[in-house]
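Here the sequence shown is numbered in the working numbering, starting from -18 and rising by one per residue. Input: a single structure, listed below in structure tokens.
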Amino acid sequence: MNTPRIILHLGLPKTATTSIQHNVFQKLHEEKRINFLGKCLDFDYKSANLNVINYAGKFIRDAAEQALSISEARRQLAISLDNDLLNVFSDEGLMIAYPGKENLPLKRKFNNLKAIFEGYDVQVVVTTREPVDYLYSLYVQLYPDYFDRIDSMNSFGKYISRLLAEPDNVLFESFFYSKWLKKLQSQFDVTVLDYEDFAKNKPNIYQSWSDLLLLSEEEFQSKFEANKINEKKKVGKEVKEVKSFKYIEDKVRIFLRNRGLLFLLFKWIYNQFGLKRALRYRYSSRGLHHYPTKEQCDRLRELHRHHQY
-18 MNTPRIILHL GLPKTATTSI QHNVFQKLHE EKRINFLGKC LDFDYKSANL
32 NVINYAGKFI RDAAEQALSI SEARRQLAIS LDNDLLNVFS DEGLMIAYPG
82 KENLPLKRKF NNLKAIFEGY DVQVVVTTRE PVDYLYSLYV QLYPDYFDRI
132 DSMNSFGKYI SRLLAEPDNV LFESFFYSKW LKKLQSQFDV TVLDYEDFAK
182 NKPNIYQSWS DLLLLSEEEF QSKFEANKIN EKKKVGKEVK EVKSFKYIED
232 KVRIFLRNRG LLFLLFKWIY NQFGLKRALR YRYSSRGLHH YPTKEQCDRL
282 RELHRHHQY
């Protein structure tokens, strides 16, 4: 029996992961040329509605984040893999910490992934990005659901100040590539790609992916570029702030959580009369997420270069 071959794609976030998931992995899966275990999610940025297209491998993330036992994840993995096809799991969310949530450090997640995939032929793929651009783009992505509700980090300037003051905070761990890459490379065979090669349309990144997926370079590029995903409204280099009224929903839920019939009444009204759509509707405000100044960029890049374990 053939040993299943697995690609574990860990992002990073904001490095064209969604485009690869939708345009390449899912399309190849539908053509029965790879066994793609997700994730592939259709997220309506305006309404915040989520349609799960393919997340068959969610158990992998759950176990990596210790929400599921390793033994159960290995059981599900064994019945999910295809011995005759390339198996792919892609989930960039594993690499980051979410503000206001309990987060495991990457070292623990990597140890859990190692235990899940013990005995399998696994190739890990990560794509890095110019660090300040990565930090800015990640902040913009997480702002509507997380940072907008945290007074101490509800602007990118405040976020930068927190990073400079607390670089060892798990919230900023994904920013320090040299830290976690060494740990990851000690446990897996890792291919490291550069997002700027996508941005500059350099053929070497298409070649790297085509080799991994056993495609021609032309086919990978054609699939990858088929649809643009997750485009943001920009003014120059800066991105407009996206707001919603979901914070009202969250406060009402907390207030009514232990109030029995009142909570059930709220849920009924919420679902029957369009409150969900109204409260979760996202709109571009007049505000901008200000890109860091040259001085701030220099400080961040210096910290990125020299902050080690």
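Each residue gets a CB set at the ideal place from its N, CA and C atoms; glycine is no exception. This one's a predicted model, so the numbers in the text were calculated from it and none came from an experiment.
{"Item": "Burial state of Gln2 (16 or more Cβ within 10 Å)", "Value": "buried"}
{"Item": "Arg89 - DSSP class collapsed to helix/strand/coil", "Value": "helix"}
{"Item": "Straight-line Cα distance separating Leu62 from Arg143", "Value": "42 angstroms"}
{"Item": "Close-in-space but distant-in-sequence residues of the same chain around Ala(-3) (CB under 6 angstroms, 5 per side omitted)", "Value": "Phe179"}
{"Item": "Bounding residues of the alpha helix (DSSP H) (the contiguous stretch that carries Asp43)", "Value": "Lys39 to Ala45"}
{"Item": "N- and C-terminal bounds of the alpha helix (DSSP H) containing Leu243", "Value": "Leu242 to Gln253"}
{"Item": "Coil, strand or helix - Lys(-5) by DSSP", "Value": "coil"}
{"Item": "Coil, strand or helix - Leu269 by DSSP", "Value": "strand"}
{"Item": "CB contact flag (Leu67, Ile(-12), <9 angstroms)", "Value": "yes"}
{"Item": "Same chain only: Cβ atoms within 7 angstroms of Lys8, ignoring 5 sequence neighbours per side", "Value": "Lys204"}
{"Item": "C-alpha gap between Pro(-15) and Ile15, whole angstroms", "Value": "11 angstroms"}
{"Item": "Given 8 angstroms, three or more beta-carbon pairs between the stretch 114 to 130 and the stretch 76 to 83", "Value": "yes"}
{"Item": "Reduced DSSP category for Leu144 - H, G, I as helix; E, B as strand; rest coil", "Value": "helix"}
{"Item": "Assumed close pair Ser50, Ala59 - CB separation to whole angstroms, cut-off 8 angstroms", "Value": "Not quite, the Cβ-Cβ distance comes to about 14 angstroms (not below 8 angstroms), so this is no contact."}
{"Item": "For Phe236, three-class secondary structure by DSSP", "Value": "helix"}
{"Item": "As assigned by DSSP and simplified to three states, the class of His(-10)", "Value": "strand"}
{"Item": "Buried/exposed call for Lys275, threshold 16 Cβ in 10 Å", "Value": "exposed"}
{"Item": "Three or more C-beta pairs below 8 angstroms linking the stretch 100 to 115 and the stretch 162 to 176", "Value": "yes"}
{"Item": "Residue burial classification, Asp192 (beta-carbon count within 10 angstroms, cutoff 16)", "Value": "exposed"}
{"Item": "Anticipated Cβ contact below 8 angstroms, Asp23 with Thr109, distance rounded", "Value": "Actually they do not touch by this definition, with Cβ atoms about 26 angstroms apart."}
{"Item": "Three-way DSSP call (helix, strand, coil) for Ser155 in this model", "Value": "helix"}
{"Item": "Reference Gln277; option with closest CA among His270, Gly138 and Ser189", "Value": "Gly138"}
{"Item": "Through-space distance from Asn(-17) to Val113, alpha-carbon basis", "Value": "43 angstroms"}
{"Item": "Closest residue to Ile34 among Lys20, Gln202 and Gln47 (Cα-Cα distance)", "Value": "Lys20"}
{"Item": "Cβ-Cβ distance between Val220 and His270 below 9 angstroms", "Value": "yes"}
{"Item": "Residues of its chain near Asn208, where Cβ-Cβ distance is below 8 angstroms and the 5 sequence neighbours each way are ignored", "Value": "Ser0, His3 and Asn4"}
{"Item": "8 angstroms CB neighbourhood of Lys248 in its chain, flanking five on each side removed", "Value": "none"}
{"Item": "Endpoints, the beta strand (DSSP E) within which Asp102 is located", "Value": "Asp102 to Thr109"}
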